[in-house]
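This note's numbering numbers the first residue of the sequence shown as 2 and each following residue consecutively.
Think of the CB as a built atom: it goes at the ideal place given N, C-alpha and C, for glycine as much as any other residue.
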Amino acid sequence: MTSKTQETHRIADLSRNQLNDAIHLKGWVRTRRGSKGFSFIQLNDGSNLSGLQIVADEKLENYEDISKLNTGAALEVWGVLVESQGRGQDWELQASQVLIRGTAPGEEYPLQKKGHTLEFLRDIAHLRPRTNTLGAVFRIRNTLSQAIHNFFQERGFLYVHTPIITANDAEGAGEMFHVTSLDLEQLPKTKKGSVDYSQDFFGTDVSLTVSGQLGAEVFALAFTNVYTFGPTFRAENSNTARHLAEFWMIEPEMAFMDLRGMLTLTEEFLRTLLRDCLEKHEEDLAFLQKMYDSELISGLEHICKTPFETLTYTEAVEILKR
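Okay, here's the thing in structure tokens:
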């Protein structure tokens, strides 16, 4: 079988305007079922949640191999996009050629057509990005990351990269992850008995950053408006769902900015990102709402539509006393 040369399409980009067009896809099998001389393959390339149904006729020269495909197999498919006769999708691909790029081991393949707990997925980190939950989360995260940069760039902010390994404790509180090249079994000591970091790689005690704030403040005094967006590390031993050892933090720093301007920018920032997410990820958000939070979408829409309440410190204290 010879493969054809053709532009590769993304499933998420397909539209009604492409009906009856020649389409070329690459992706992984979610499910396959056979019926009356046809194989119906749900193919997903990671660009959206639902994927696309591929209809493979038994007349295809490698149909015997196609009929044995399992979840997880990698395919390259050529065909024509047509309106779907079944329920659940607007269109499907009538395959003219199916090239099997990689097979999967059937029942031994960890991801099957059923729900999997997050605990189970932690044990198969190399495959979990293919799940609906992780796919939805990382598509949304991708959009939000791009929206963060767009928001600040459109307002003239400079993106600065602050060090990940640093001798500064920007927060001054909490535990930090220390970084060293010293032999932990033979640590050099000073005369006072403490670790002699002068013999370390950097010649001093360094840690993973807890914040890029100090560096960003320095840059703001030269470029006026700057922001950092990168990994941050905290070593607090709090093993809860609300504490992370590593996360990405957004830190804008602005010279000549008053409190009112900062509050306005913050509100505008949140609304802009959430609107972008709601517009681009209707399918992903609907899935996450169904599986994890029944008020997810309404909550995000409420933030976008409702003016933020601003309080003085004194007013906030009075509310807490009630």
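Item: CB-CB length for residue 152 against residue 273, believed under 8 Å; Value: 5 Å
Item: For residue 250, the residue or residues it bridges with in DSSP; Value: 231
Item: Distance between residue 287 and residue 298 (C-alpha atoms, nearest Å); Value: 7 Å
Item: Whole-number beta carbon distance between residue 144 and residue 281, since they are thought to touch under 8 Å; Value: 5 Å
Item: Close-in-space but distant-in-sequence residues of the same chain around residue 68 (CB under 7 Å, 5 per side omitted); Value: 35 and 40
Item: C-beta contact flag for residue 285 and residue 141 at 7 Å; Value: yes
Item: Residue 87, DSSP secondary structure in three states; Value: coil
Item: Buried/exposed call for residue 293, threshold 16 Cβ in 10 Å; Value: exposed
Item: Rounded Cβ spacing between residue 26 and residue 58 (contact assumed at less than 8 Å); Value: Actually they are not in contact, since the Cβ atoms of residue 26 and residue 58 sit about 17 Å apart, beyond 8 Å.
Item: Buried or exposed (CB count within 10 angstroms, at least 16 for buried), residue 217; Value: buried
Item: Which of helix, strand or coil DSSP assigns to residue 25; Value: strand
Item: Test item: CB-CB of residue 177 and residue 138 under 7 Å; Value: no
Item: Per DSSP, the bridge partner or partners of residue 255; Value: 226
Item: Under the three-state DSSP convention, the category residue 49 falls into; Value: coil
Item: Beta-carbon spacing of residue 227, residue 161 below 7 Å; Value: yes
Item: Per DSSP, cross-strand counterpart(s) of residue 272; Value: Answer is none; residue 272 lacks a bridge partner.
Item: Through-space distance from residue 79 to residue 15, alpha-carbon basis; Value: 14 Å
Item: Bounding residues of the beta strand (DSSP E) (the contiguous stretch that carries residue 148); Value: Residue 148 -> not in any beta strand (DSSP E); alpha helix (DSSP H) instead, spanning 133–155.
Item: Three or more C-beta pairs below 8 Å linking the region 187–199 and the region 232–250; Value: no
Item: Residue span of the beta strand (DSSP E) that contains residue 93, given as start and end; Value: 92–103
Item: Residue environment, residue 257, which counts as buried when at least 16 other CB atoms sit within 10 Å; Value: exposed
Item: Neighbourhood of residue 188 by C-beta, 7 Å cutoff - its chain only, sequence neighbours within 5 removed; Value: 196
Item: Ranges of the beta strand (DSSP E) found wholly within the region 169–209, counting only runs of at least 3; Value: 207–209
Item: Residue 309 vs residue 268 beta-carbon contact at 7 Å; Value: yes
Item: As assigned by DSSP and simplified to three states, the class of residue 32; Value: strand
Item: Beta bridge counterpart(s) of residue 166 as assigned by DSSP; Value: 209
Item: N- and C-terminal bounds of the alpha helix (DSSP H) containing residue 1; Value: The question about residue 1 has no answer, for the chain in this structure spans 2 to 323.
Item: DSSP three-state assignment for residue 74, whether helix, strand or coil; Value: coil
Item: Buried versus exposed call for residue 49 [16 or more other C-beta atoms within 10 Å across all chains shown]; Value: buried
Item: Span of the alpha helix (DSSP H) around residue 290; Value: 283–292
Item: Proximity below 7 Å, CB of residue 24 to CB of residue 82; Value: yes
Item: Proximity winner among 90, 74 and 91, relative to residue 106 (alpha-carbon distances); Value: 74
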